[in-house]
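Written below as structure tokens is the structure these notes are about.
Protein chains: 2
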Amino acid sequence: MNDSTDPYGIREGEVAVELPKAFDASLYFIGRIRTPWRRREDCPKNARESDAICTIDLDPLFAPGLKGVETCTHVAVLYWMDQARRDLILQKPRHYGEQRGTFALRSPARPNPIALSVARLIRIEGSRLEVVGLDCLDGTPLLDIKPYFASTDAVADAVVGWHKARKS
Amino acid sequence: MNDSTDPYGIREGEVAVELPKAFDASLYFIGRIRTPWRRREDCPKNARESDAICTIDLDPLFAPGLKGVETCTHVAVLYWMDQARRDLILQKPRHYGEQRGTFALRSPARPNPIALSVARLIRIEGSRLEVVGLDCLDGTPLLDIKPYFASTDAVADAVVGWHKARKS
Numbered sequence: 002m003n004d005s006t007d008p009y010g011i012r013e014g015e016v017a018v019e020l021p022k023a024f025d026a027s028l029y030f031i032g033r034i035r036t037p038w039r040r041r042e043d044c045p046k047n048a049r050e051s052d053a054i055c056t057i058d059l060d061p062l063f064a065p066g067l068k069g070v071e072t073c074t075h076v077a078v079l080y081w082m083d084q085a086r087r088d089l090i091l092q093k094p095r096h097y098g099e100q101r102g103t104f105a106l107r108s109p110a111r112p113n114p115i116a117l118s119v120a121r122l123i124r125i126e127g128s129r130l131e132v133v134g135l136d137c138l139d140g141t142p143l144l145d146i147k148p149y150f151a152s153t154d155a156v157a158d159a160v161v162g163w164h165k166a167r168k169s
Numbered sequence: 002m003n004d005s006t007d008p009y010g011i012r013e014g015e016v017a018v019e020l021p022k023a024f025d026a027s028l029y030f031i032g033r034i035r036t037p038w039r040r041r042e043d044c045p046k047n048a049r050e051s052d053a054i055c056t057i058d059l060d061p062l063f064a065p066g067l068k069g070v071e072t073c074t075h076v077a078v079l080y081w082m083d084q085a086r087r088d089l090i091l092q093k094p095r096h097y098g099e100q101r102g103t104f105a106l107r108s109p110a111r112p113n114p115i116a117l118s119v120a121r122l123i124r125i126e127g128s129r130l131e132v133v134g135l136d137c138l139d140g141t142p143l144l145d146i147k148p149y150f151a152s153t154d155a156v157a158d159a160v161v162g163w164h165k166a167r168k169s
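Protein chains in written order, with my numbering: chain U, 2 to 169; chain P, 2 to 169.
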């Protein structure tokens, strides 16, 4: 990859590693996510910044798997950030300006670019779900939908220290 | 696969689909999770059932990516349920007894068997993290570690209706 022409090239403060030569497991794209955002720079910085209703188009093959999902107020959505580079290990996001490790960031650039968003479920019709709380590009591949259990998934007093320090 | 000898064969109330012929993306195993549980039947049913300290052994290649993670009280851990079958679309977990869709369950059996757990971070030493809140088999492959932001990840009043109805 030629960094001088790569729109996702390395920026100052970013460090890449040489990734392993082989993959270890494989994924199916089980649907597509439809959002109002066509360019990276249009996406909200995080999902709570937008009330836009997004659509999850599950492949109809998997539609029977939605039985019972209609009883959930929220779902965890896993999707594939297919445009992200995978070798960045230290990053310096523009809006933070400090170098941090990939695993301390929610950046799409990571060895396995799987994104996680907690979304509020509005409606299910057939194999289509309407949700609020996604922040990805239109057309993003869907990997999984899980019921969100407050008992195990919600930790209201969790703190990301570097982020908190930044704001105070 | 011969179901008569498959320990993970189809049970009554379960329905499988024919999966797509080809995969769409691939994963790196970036570490291994060490837990006290060596057999499926020994694992806690969910992560809040156990206070066991589990160890995440990140591949040292990726250790610089932990910079800043030490400031987090909690992390979202994604891992690969490598022993689960991927074609079940309707399931009837033994401890619930009702048939539900895969996407309404946290069962490891799903088209992309990526598990999500929210874990409390105890300590980081080098490329090793000690956490509480995992429920997987010893040796489970690690896919990702993310900082857990209460602002976007915690929904304390979320409800999984089928589960709530069951308990009341």
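For every residue, glycine included, the Cβ atom is placed at its ideal position computed from N, Cα and C. None of the values given here were measured: they were computed from a predicted structure.
Interface criterion not met: the Cβ of K93 of chain P is under 8 Å from no Cβ in chain U. Residues of the segment 138 to 151 of chain P whose Cβ lies closer than 8 Å to any Cβ of chain U, in chain order: P142, L144, D145, I146, K147, P148, Y149, F150, A151.
Separation of G98 of chain P and F30 of chain P (C-alpha to C-alpha, rounded to the nearest whole angstrom) is 34 Å. Its chain contains P45 as the residues whose beta carbon lies nearer than 6 Å to that of S51 of chain P, once the 5 sequence neighbours on both sides are disregarded; these appear in chain order.
In this structure R39 of chain U touches D139 of chain U by the C-beta definition: roughly 5 Å separates them, less than 8 Å. Nearest CB-CB separation between T103 of chain P and chain U: below the 8 Å threshold.
For the pair L144 of chain P and Y80 of chain P, the CB atoms are nearer than the 8 Å cut-off. Our two residues, R121 of chain U and D58 of chain U, have alpha carbons roughly 16 Å apart in a direct line.
A159 of chain P is classed as buried because its beta carbon has at least 16 other beta carbons within 10 Å across all chains shown. Closest by C-alpha distance to V133 of chain P, out of P:R49, P:E19, P:A26, is P:R49.
Secondary structure of T74 of chain U (DSSP, three-state): coil.
The beta carbon of P109 of chain P sits closer than 7 Å to the beta carbons of M82, A85, A116 from its chain, once the five residues preceding and following it are set aside; these are given in chain order.
Collapsing the DSSP output to three states places E126 of chain P in a strand. Looking at P:C137, P:F104, P:R111, P:D25, the one whose alpha-carbon comes closest to that of L89 of chain P is P:R111.
DSSP places D88 of chain U in the coil class of the three-state scheme, outside both helix and strand.
The C-alpha of P65 of chain P lies about 28 Å from the C-alpha of A157 of chain U. By the neighbour-count definition (other C-beta atoms within 10 Å, threshold 16), P61 of chain P is an exposed residue. With fewer than 16 other beta carbons inside 10 angstroms of its own, S152 of chain U counts as exposed.
Taking 7 Å as the upper bound on Cβ-Cβ separation, chain P lies near residues L62, F63, P65, G66, L67, K68, G69, V70, T72, C73, T74 of the segment 61 to 74 of chain U. Secondary-structure assignment with DSSP links A26 of chain U through a beta bridge to P:L28. For T103 of chain U, there is no enclosing alpha helix (DSSP H), since its DSSP letter is neither H nor E.
Per DSSP, reduced to three states, the secondary structure at R111 of chain P is coil, with no helix or strand assignment.
For K93 of chain P, the secondary structure class from DSSP, reduced to helix, strand or coil, is coil. As computed with DSSP, C55 of chain P is found in a beta bridge with P:V132. Residue pairing from DSSP places T141 of chain P in a beta bridge opposite P:I34.
The three-state secondary structure of P65 of chain P, taken from DSSP, is helix.
Per DSSP, reduced to three states, the secondary structure at A155 of chain P is coil, with no helix or strand assignment. Separation of E15 of chain P and F24 of chain P (C-alpha to C-alpha, rounded to the nearest whole angstrom) is 24 Å. The beta carbon of L135 of chain U sits no closer than 8 Å to any beta carbon of chain P.
The CB of W38 of chain U never comes closer than 9 Å to any CB in chain P; the least such distance is about 17 Å. At a cut-off of 8 Å, the C-beta of G162 of chain U has a neighbouring C-beta in chain P. For K147 of chain U, the three-state secondary structure derived from DSSP is strand.
P109 of chain U is outside the set of residues whose beta carbon lies under 8 Å from a beta carbon in chain P. Around the Cβ of R101 of chain U, a 10 Å sphere holds 16 or more other Cβ atoms; the residue is buried.
In this structure K147 of chain P touches R107 of chain U by the C-beta definition: roughly 6 Å separates them, less than 8 Å.
Here D154 of chain U is buried. Its C-beta has 16 or more other C-beta atoms within 10 Å.
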